[in-house]
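Please read the structure below before turning to the comments.
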Amino acid sequence: MENNIKVTGIKTALVSCVDDNGKVYENDMRKLMDWNSAAGMNGFYINGGTGQGPAYSKEVRMEIAEIAVDEAKKLNDCQIINHVGAIDLKTAAELAEHAAKIGCDAISSVPPFFFGYGEKEICQYYKTLADASGLPVLMYASPLSGVEITPSMVDHFMHEIPNLIGLKWTNPNYYTMSHIKQLNGGNINVINGPDETLLCGLTMGADGGIGGTYNCMPLLFRKIYDYFKAGELEKAREIQFKANKMIDLLLSLGGGCLATVKEALRYIGYETGYTVYPGKRLTDEEKEIFIKGLKELHYEEEYLGTL
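Numbered according to my numbering, the sequence shown spans residues 293 to 599.
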């Protein structure tokens, strides 16, 4: 039986460095990847929720993927997982085929959304993406899709789709995740999604983590993973709590944390653009409050340097 555990370690769900006209800030994207890689990230999940892939045109998503794959060639131990999910299967399949053509290591997708598809249709969606790419496929279990992914569904799909290797689990229900991790005799790739509970996910069997707040504090999440693997749980918990203080700040202004993650990166010198409208954008007053919060956390001294 082929080993399905192909994605392990800690990977950044990369923000998309794109302006309001769809122009990619290529140099900043490459520099951000380089910094995250140097801090211990062993790959990137691109065009996902943090990357706002479904909100961009197919052409912009392809350009992002091409830059990411090219930059990954210069980095050590760097996988590129390309989220190809789209509201229409034709676009998703074209993105999947393109991902294989340019050399992505795997693809991922939320289930088809908005129209309330049944399990049969969802299975056909993933099978089409798998066939179009020939790459390993990770389902993306995110509440954003509006689809409840159950253990029985995952089990069914893995029997129907040979190159479906598992899923990214962005859900706080670790009881269900533990059941999924036991499917197929444990030969299933399960990646933790919630940043604030990476240690919980690892403890319950996740093979690694993918997260959006990793962008602005990659070293901390690398340390959580390394301490966990070394059996030093108290140290891992201490770093998780430290990361969560930053996450509290990132969430404090409402609207999720994408706008504040981008603002934190801008604060340390990366041009990432802003969230796609109508996504939240910080007002001048909110920016002042956020920067004040970064300084009170000693962000540059405590979250970017050596731990």
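For glycine and all other residues, C-beta sits at the position ideal for the given N, C-alpha and C.
Predicted model, so just to flag it, every value in this text is computed and none were measured.
- Under DSSP, the beta-bridge partners assigned to VAL316 are VAL310.
- Using a 10 angstroms sphere on the CB of SER544, the tally of other CB atoms stays under 16, which defines it as exposed.
- In chain order, LEU589 place their CB closer than 7 Å to the CB of LYS537, counting only its own chain and leaving out the 5 sequence neighbours on each side.
- Under the three-state reduction of DSSP, SER434 is assigned to coil, being neither helix nor strand.
- Look at HIS590 here: in three-state DSSP terms it is coil, with no helix or strand label.
- Nearest to GLY500 by alpha-carbon distance, out of LEU525, LYS460, ARG529 and GLU530, is LYS460.
- Segment contact: the region 434-451 against the region 401-417, three or more CB-CB distances shorter than 8 Å; contact assigned.
- By the Cβ criterion, the region 357-370 is not in contact with the region 442-461, since fewer than three pairs of Cβ atoms, one from each stretch, lie closer than 8 Å.
- Under the DSSP assignment, SER444 falls in the alpha helix (DSSP H) whose first and last residues are 443-452.
- In the three-state reduction of the DSSP assignment, ALA305 falls in the strand class.
- In this structure the region 493-508 lies against the region 303-323, because at least three pairs of beta carbons, one per stretch, are closer than 8 Å.
- For ILE480, the CB contacts under 6 Å within the same chain, skipping 5 residues up- and downstream, are ASN296 and GLY458 in chain order.
- Boundaries for LYS298: no alpha helix (DSSP H) harbours it, and the DSSP string shows neither H nor E there.
- In the assembly as shown, ASP487 is a buried residue. Its beta-carbon has 16 or more other beta-carbons within 10 Å.
- Under DSSP, the beta-bridge partners assigned to GLY500 are GLY301 and ILE483.
- The C-beta of GLY377 has 16 or more other C-beta atoms within 10 Å across all chains shown, which makes the residue buried.
- DSSP places LEU387 inside the alpha helix (DSSP H), whose first and last residues are 381-394.
- With fewer than 16 other beta carbons inside 10 angstroms of its own, TYR467 counts as exposed.
- A straight line joining the alpha-carbon of GLY546 with that of THR552 spans about 9 Å.
- Taking a C-beta distance under 7 Å as the contact criterion, GLY426 and ALA384 do not qualify as a contact pair.
- Per DSSP, GLY335 is not a residue of any alpha helix (DSSP H); the beta strand (DSSP E) it occupies stretches across 335-338.
- GLN344 and MET354 have their C-alpha atoms spaced approximately 13 Å apart.
- In the structure shown, SER401 adopts extended strand secondary structure according to DSSP, grouped into three states.
- LEU525 has no beta-bridge partner at all, per DSSP.
- ILE560 carries a coil assignment under DSSP once its states are collapsed to helix, strand and coil.
- Non-local beta-carbon contacts of GLY565 in its own chain, meaning distances under 8 Å to residues more than five positions away in sequence, involve SER308, CYS309, VAL310, ASP311, ASP312, TYR317 and LYS554 in chain order.
- The residue from GLU563, LEU456, LEU596 and CYS549 with its alpha-carbon nearest to that of LEU574 is CYS549.
- Between GLU524 and LYS298, the alpha-carbon positions lie close to 25 Å from each other.
- Under DSSP, the beta-bridge partners assigned to GLY458 are LEU430 and ASN481.
- Distances from the alpha-carbon of GLY341 to those of TYR591, ILE583, TYR562 and VAL568 put VAL568 closest.
- With fewer than 16 other beta carbons inside 10 angstroms of its own, LYS584 counts as exposed.
- Cβ contact annotation for TYR519 (same chain, cutoff 6 Å, sequence separation greater than five): LYS527 and ALA528, in chain order.
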